[in-house]
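Please read the structure below before turning to the comments.
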Amino acid sequence: MLAEMLEKDAKPVTVLYITPLRALNRDILERIKWWGENLEFKVDVRHGDTTKYARSKQAREPPHILITTPESLQAILPAERMGKHLENVRFVIIDEIHELAAEKRGYQLSVALERLHKKIGHEFQRIGISATVGSPETVAQFLAGVGRQAEIVDVSTEKEYRVRVFYPTAEEGSEKLGLPPEIYARAKKLKEIVDAHKQVITFVNTRNMAEQLSLYFSAIHDGTDVHHSSLSKDVRLNVEKTFKEGDVKHLIATSSMELGIDVGEVDAVVQYGSPRQVSRFIQRVGRSGHRWDLPSTGYIIALDPIDFVEAA
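Count along the sequence shown starting at 1, add 5, and that's the number in this note's numbering.
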């Protein structure tokens, strides 16, 4: 793609790189800006955190590669100046496509791509990327749209997963910390896991649970931070930076840290409560041992007997 851009003297915006999360947008920017600088292609990001000044500058000086979200693409399409630059689009890359294909945002993205096609009057290459697609044929058709053919390229490799499930029972000692016995038992098990590893992400299913678990866990362990989409931009950026650099050993997060973000030296992932979906758990455990030749280590801490049976 980059070679073709060089050969054909690409004009901005040539590439739209779409991801489901703002955090992943920022991570992708960090990964590819070196290539952009050395090939003299401008790379930039545009999403809900982008300032008004930055958006205006992009309209005046558009990047060759624009990293964005489905929602921001919908907002750009009708814009007079920025929308005009989209006429040069030749490639649309959708990262973590499985996360979009199965939900409402995926329908919105499909509509946006058809609007883009109608607006610019020519076809563009659509590229979907994912490590955890359950039904490649379905996702490929979602990507291609009506009346187009899609080619599936499978570059998967064997990956070892090591998973254990725990259902901690209530025990003595919680009254000293003012915690309910069952919560103390789960926090104690979580502490054992965190202490046994270099760096750990604990995933929870809701933002409220993230805040509650952080509060409970801080009573028995230091060095924990929290990440979810309701935090301010500055707080989220700081959490991502300190965790990636290894200054924070343990991070409690929602799906905001689930996808292909560079998470540093994580060697274990904990799912606090049932993940509900096998594909989601595989995605989360894959945050540990991120290299293909290293095993991914995961733990599930069940909250009740139903959780335990479901997880097992």
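Every residue gets a Cβ at the ideal spot worked out from N, C-alpha and C, and that includes glycine.
Only a predicted model underlies this, so the values are computations on that prediction, with no experimental measurement involved.
- In the DSSP annotation of this structure, S301 is not part of any alpha helix (DSSP H); the continuous beta strand (DSSP E) holding it starts and ends at S301 to I306.
- When only Cα atoms are considered, F313 and P280 end up about 11 Å apart.
- I70 is bridged by DSSP to V20 and V48.
- By the neighbour-count definition (other C-beta atoms within 10 Å, threshold 16), I257 is a buried residue.
- For A224, the three-state secondary structure derived from DSSP is coil.
- Our two residues, P173 and Q276, have alpha carbons roughly 14 Å apart in a direct line.
- Where A117 is concerned, the enclosing alpha helix (DSSP H) starts and stops at K109 to I125.
- Following the DSSP letters along the chain, one finds Q130 inside the beta strand (DSSP E) bounded by residues Q130 to I134.
- A residue is called buried once 16 or more other Cβ atoms fall within 10 Å of its Cβ, and T302 is buried on that count.
- Going by beta carbons, L195 and A224 fall outside the 8 Å limit.
- When the alpha-carbon of L264 is set against those of I206, L121 and N93, the nearest one is in I206.
- If you compare the alpha carbons of P75, S293 and K123 with that of K109, the shortest gap goes to P75.
- Cβ-Cβ distances below 6 Å link V274 to I206, R289, V290, R292, S293 and G303 in the same chain, with the five nearest sequence neighbours on each side left out; the list follows chain order.
- Given a length threshold of 3 residues, each whole run of the beta strand (DSSP E) inside the region 190 to 215 is given here in chain order: 205 to 208.
- A straight-line Cα-Cα distance of about 29 Å links F46 and V244.
- Rounded to the nearest angstrom, the gap between the Cα atoms of H226 and A190 is 14 Å.
- Excluding its 5 nearest sequence neighbours in each direction, P310 has C-beta neighbours in its own chain below 8 Å: Y172, listed in chain order.
- Between the region 23 to 30 and the region 58 to 73, the count of Cβ pairs shorter than 8 Å is three or higher; the stretches touch.
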